[in-house]
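S.K.: Counting with my numbering, you get residues 1 to 138 for the letters of the sequence shown.
Note that CB positions come from ideal geometry on N, CA and C, so glycine has one too.
Handing you a structure now.
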Amino acid sequence: KSIDLSHETLAIIARGMGRVVNHVSGTAYSARIEEARFAMGGKTGTSQVRSFTDIERQSGVVKNKDRPWIERDHALFVGYAPISAPRYAVAVIVEHGGSGSTTAAPIAHDILLEAQRLDSISRLSSPLNIRSSEIRKV
């Protein structure tokens, strides 16, 4: 199903996702792909897995990294590449992984970079339309 968004709105979203990864103040800047032709855009996320009591809030909440594994936040990142002509998309969820920027985004970096390096046609200006019946098992 298509989403009725204007080209202007889509451009704003794409610019924002590009800045998350490629601007020095972006939350996923440390996971950026430095090769411009493979650059990715994305959005980091962190999902809190537990509630904090008023007592914890008053006395100071224990940092995520110092909590037992089962109480640590989930790390999230969604992204796409190349940013100039999107061809690949990825969603990374690391249960109890901490923050999306430090845990999930680097995984997305590796996946998107390797996918583009392995794809000899990654420089096309638009994605291919391939039916699943045309995909050959290796």
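Using a Cβ-Cβ cutoff of less than 6 Å, which residues in the same chain neighbour residue 18 once the five nearest sequence positions on both sides are dropped?
M.R.: To locate residue 18, count along the sequence shown from 1; it is residue 18. Same-chain partners within the cutoff: 41 and 83.
S.K.: To which residues does DSSP link residue 118 through a beta bridge?
M.R.: Within the sequence shown, residue 118 is the residue found at index 118, counting from 1. For residue 118, which the question treats as bridged, DSSP gives no partner whatsoever.
S.K.: Tell me which residues share the same chain as residue 103 and place their Cβ nearer than 8 Å to its Cβ, disregarding the 5 neighbours each side in the sequence.
M.R.: Position 103 of the sequence shown, counted from the first residue, corresponds to residue 103. Excluding positions up to five away in sequence, the list reads 75, 94 and 97.
S.K.: Determine the direct distance from the alpha carbon of residue 26 to that of residue 56, and round the result to whole angstroms.
M.R.: Taking the first residue of the sequence shown as position 1, residue 56 is located at position 56. Taking the first residue of the sequence shown as position 1, residue 26 is located at position 26. Near 30 Å, if we compare the C-alpha coordinates of residue 26 and residue 56.
S.K.: Once DSSP output is grouped into helix, strand and coil, what is the label at residue 59?
M.R.: As a working note, residue 59 is residue 59 in the sequence shown. Residue 59 falls in the helix class under three-state DSSP.
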